[in-house]
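Just so you know, the sequence shown maps onto residues -19 to -1, 1 to 645 in mature numbering (1 follows the signal peptide of the UniProt record, and there is no 0).
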Amino acid sequence: LPLLLPLLLLPAAGGGCAAEGGPLEPFDALYASGVEAYYGGDFAGARGAWSGRCAAGGSCGRRAAVPAAVPSAGAAGRAGPGRRGDLRFFGSVLRRAECVRRCEEPRLGAVSRHRAAEEVRADFQRRVPYSYLQRAYIQLNKLEEAANAAHTFFMANPEHMEIQQDLENYKTMSGKAALIDQEARQHMEDYSAGVRHYDREEYELAIELLERALQGYYSEDEDCQLMCEGPQRFEEHEHLDYKAGLYEAIADHYLQVLACKHDCVRELATRSGRISPIENFLPLHYDYLQFAYYRVGDYVKALECAKSYLLFHPGDEDVLENAGYYEGLLEGTVDPATIKPRKEARALLRRHKLESHLLRVAAAGLGFAYTEPVTPACAGPAAHSSRTAPPAPLPSIQPSVGDSGAGLCTRCPQGQGTFSRMVLCLSSGGPLLYSDVKFVYNSQQLNGTQRVLLDNVISEEQCRELHRVASGIMLAGDGYRGKTSPHTPNERFEGATVLKALKYGYEGRVPLKSARLFYDISEKARRIVQSYFQLNSTLYFSYTHLVCRTALSGQQERRNDLSHPIHADNCLLDPEANECWKEPPAYTFRDYSALLYMNADFEGGEFIFTEMDAKTVTASIKPKCGRMISFSSGGENPHGVKAVTKGQRCAVALWFTLDPLYRE
C-alpha cells in the first residue's frame, strides 16, 4: 500500500465531527515495527507492518472546514461582536478546533503522541520503506510485488544504481516489462497519458484524460490545503521564551500555514521524489484542451478553455488569436460574451494572488522570512510540435512568458527544473587546433545534438605510456566512494585522478614525465572541446578521472546489464516522464563531457547514446586508442556503456564547466 505520505487521506463521508473506524497505530510506530521485523528475519511481519494506513487527519480537517455558527445568546444575553468585533470570528475558530479534536482523538489518541520525527518523514519522502519492502518480498518469493516496490523506490531515487540493476534482474526473472509506481499521483498519470494521446492526435481520448487530470488536480489541491493546517515549527523561537501577544502568536502560526498552502501549486506540479515542478503545469491543461476541443468540433468548450488559459497568461498572442477565431466560429449561434473562464481556475488564481499579497505584507511589516517559491523569470515549458489545420488556429503549446499568474505557472528558480527539449542554439564545427587530430563524425552523423567523434587525439605510444601509469597508480573503487563495482557486480572498477598521478610522480613512485603526460593530454582534450564547440568563454575542468573497468571471470554468462547504466551528466534522467531533472544530486554545473579511450583489446564496452527513454540507441561507438567522443552534458545526450565481457577497458573521463566556481 502507498507509504510515502505521513497521513494518507480518506474520502470525506458524512457530516459532523464524528470519527470513523477504530484507533489507528501511528505510521512511525508501524515503520519502526517493520524495520525491526526485517532485521529480525520476519519478512512477512515486515511487509504487514508497512501496509498500515494512518488517515484520520485529512478527513477530520475536511469535516471541520464548514464554518460553524456561533450559538445564539442564552440567558446571559446576546454576546455581541466584542470590542473589536472579533467574538464571532473566534467563536467559529473555537468550534472548528473542537470539531477537529473530537474527530481525531478516537482514532489518533492524545494529540501530543503524534509528532513523527523529521528523519522518519524524510524516509517516507524518499520512499525508503519500499527499499526494505522489495527485499522482504524477494525473501517471500513474490517477484512481481518486489519489482513494483523496487520501481516505486527508483522513481524517487533515479541515481540509485543498485536498485536500477535490481529492476533489470526482476524484469528478466518475471518476464514483466511494465511496472507499477505505487505512489504515482493519479492527476499526474492522467495528464501524461492525455498529452501522449494529444501528440498522437487522438483528441477525444486526450480530452477525457486531461479533464480527469484537472478534476484530480483540484481535489489534490483541497487535500494539500488541509494538510497544511497541521502543527507548525517555530525555528526562530524557543518555546519557553516565547512572549508574543495574542495577535502576534496567531500571525506567527497562520503565516506558516499560509506559506505551506501557497506552495501547493508547486507541490501538485512536482512528480513524487523530485524537487523541480513541471513548468507551467496547470495552465498547460487548458492549453492542450482548447485545441483538442476545437479539433473535435466543440467550439464552446474550446473558447472556455482558451479563456481559462488566458487567466494565467493574458498576453499570450497564440491563445488570444485562437480565442478570437473560436468566437468567430460561434457567431450567430452563441454569444461569446456568455462563455466565461472556468470558475475553479478563477477561484484558485484569486486565492493564490491573495496568498501572495498577504505573504508580501507579512514579510514587509512583520519581518516574516519568506521568498516566493515560484517566479515568472524561469524559462517556459518544453516545446511540443505544432499542428496546422488551415484556417484553424495553431495549438499554442509553446513557452509562455506571461507574469500575471503570480507564480501559478510553477516556474522554478534559475538553475533548476527540467532539461528543455527545445532546439539548442549552439555552435559546433570549430577548428581542432592539432593537425594530427582526425575528425570522424559530427552531431548529425551521430543522430543527436552537440556531439563529435575524433580519432588520433593521442598516439599509440602515448596510450601505452598512459596505461603503464594507470597500472602504477590506480586503486579499486577510486572515484566511486570506495565501491569496487559501483555500476555492475560483474566488473571491477579502478581509477585515479590527475592530482594523484602528479603526486606519485613527484614522490618518484612513477616516472614524473609519465605522470605529466596524464595532465598534458587532459589539457589537450579541453582545448579541442572548447574550440570545436566554439564556446565564447573559458571551459574549465570540473573533474578528470582515469578509469579502467575489468570483466570479472565466471560472471559473464547471460549478462543483460550495462557496464554503466544510461544517464545524463548534469541532470537526473527520468525515462518514464521523458525528462531530465536538473537538480541535486546531479552535477548540475557540468556543461561538456569527453571520453578519451586508451585501448581496444577487450570485448564489449561500446559507448552508446540513447533517446530520453534510455532504450532507443541512436549511436554506438567502439573504443580504440586515441579515439575521443565529446558532447554537451545535459539531457539532450543520455548515454551509457555496454557490458565489458572480457578484458580491461581504459579511458580518461573528462567533465568540463563554464562556471569557474566549480573548476577542478
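Heads up, the beta-carbon is just placed ideally off N, CA and C, and yes, glycines get one too.
8 Å contact criterion, which residue i and residue j should meet: CB distance rounded
i      : j      : result
Ser544 : Ala477 : The pair is not a contact, with the Cβ atoms about 19 Å apart (cut-off 8 Å).
Phe590 : His620 : 5 Å
Gly585 : Thr531 : At roughly 12 Å, the Cβ-Cβ gap does not stay under 8 Å, so Gly585 and Thr531 are not in contact.
Cys444 : Gly628 : About 15 Å; that fails the 8 Å criterion.
Arg571 : Ser512 : With a Cβ gap of about 19 Å, Arg571 and Ser512 do not count as contacting.
Met609 : Leu435 : 5 Å
Gln431 : Phe612 : 6 Å
Gly429 : Asn618 : 6 Å
Ala595 : Pro556 : 4 Å
Val246 : Glu210 : Wrong, their Cβ atoms sit about 17 Å apart, outside the cutoff.
Ala232 : Leu347 : 6 Å
Distance CB(residue i)-CB(residue j) smaller than 7 Å
i           : j      : result
Ala506      : Ala575 : yes
Ala287      : Ala304 : yes
Lys481      : Ile454 : yes
Phe588      : Val633 : no
Ser614      : Asn551 : yes
residue 646 : Ile509 : The chain is shown from -19 up to 645; residue 646 falls before or after that span and cannot be answered.
Val438      : Leu577 : yes
Tyr269      : Leu191 : yes
Leu292      : Ala326 : yes
Glu285      : Ile320 : yes
Phe514      : Ser424 : no
Leu498      : Glu446 : yes
His243      : Glu182 : no
Ala127      : Arg107 : no
Tyr500      : Val491 : no
Close beta carbons around residue i, own chain, < 7 Å, minus the five adjacent residues each side
i      : result
Ala194 : His168, Asp171, Tyr172, Gly175, His266
Tyr198 : His168, Leu249, Leu263
Gln196 : none
Asp417 : Asn437
Ala567 : Asn551, Cys552, Leu553
Lys282 : Tyr274
Cys241 : Cys209
Inter-residue spacing [alpha-carbon to alpha-carbon] between residue i and residue j
i      : j      : result
Gly72  : Arg82  : 15 Å
Leu11  : Glu17  : 10 Å
Gly21  : Ser14  : 10 Å
Gln206 : Tyr521 : 46 Å
Thr469 : Thr525 : 22 Å
Ile602 : Arg341 : 55 Å
Ser518 : Ile502 : 21 Å
Ala581 : Leu148 : 30 Å
Pro322 : Tyr280 : 14 Å
Tyr19  : Tyr113 : 8 Å
Glu203 : Ser257 : 21 Å
Glu441 : Val450 : 14 Å
Gly535 : Pro604 : 24 Å
Glu564 : Glu312 : 49 Å
Gly383 : Gln271 : At Gly383 the pLDDT is 34, less than 50, meaning the model places this residue with poor confidence; the figure from the coordinates comes in the next sentence. Distance between the alpha carbons of Gly383 and Gln271: 18 Å.
His333 : Thr597 : 42 Å
Asp67  : Leu227 : 12 Å
Ala117 : Val109 : 13 Å
Beta-ladder partner(s) of residue i, from DSSP
i           : result
Lys623      : Leu543
Thr478      : His526
Asp550      : Answer is none; Asp550 lacks a bridge partner.
Thr591      : Val598
Phe637      : Phe522, Tyr573
residue 648 : Lying before the first or after the last residue shown, residue 648 is absent from the chain, which here runs from -19 to 645.
Ala532      : Glu472
Met609      : Leu435, Leu577
Neighbourhood of residue i by C-beta, 6 Å cutoff - its chain only, sequence neighbours within 5 removed
i      : result
Val161 : Note on identity: in this sequence residue 161 is Ile, with Val being the wrong assignment. Answer for Ile161: Asn129, listed in chain order.
Tyr111 : Ala130, Thr133, Phe134
Tyr422 : Leu434
Arg630 : Arg530, Phe583, Gly586
His178 : Leu186, Ala187
Val404 : A caution first: Val404 carries a pLDDT of 32, below 50, which makes its placement in the model unreliable, though a value can still be read off. Closer than 6 Å at Cβ, skipping near neighbours: no residue.
Ala318 : none
Glu308 : Pro317
Cys561 : Phe400, Ala549, Cys552, Leu554, Gly616
Gln115 : Ala127, Ala130, Ala131
Trp636 : Ser523, Tyr524, Arg571, Ser574
Residues of its chain near residue i, where Cβ-Cβ distance is below 8 Å and the 5 sequence neighbours each way are ignored
i      : result
Glu472 : Ser466, Arg530, Thr531, Ala532, Leu533, Ser544, Ala624, Val625
Val277 : Tyr184, Glu185, Ile188
Glu100 : none
Contact with chain D by residue i, beta-carbon distance below 7 Å
i      : result
Trp636 : Absent here is chain D; the protein component of the structure consists of one chain.
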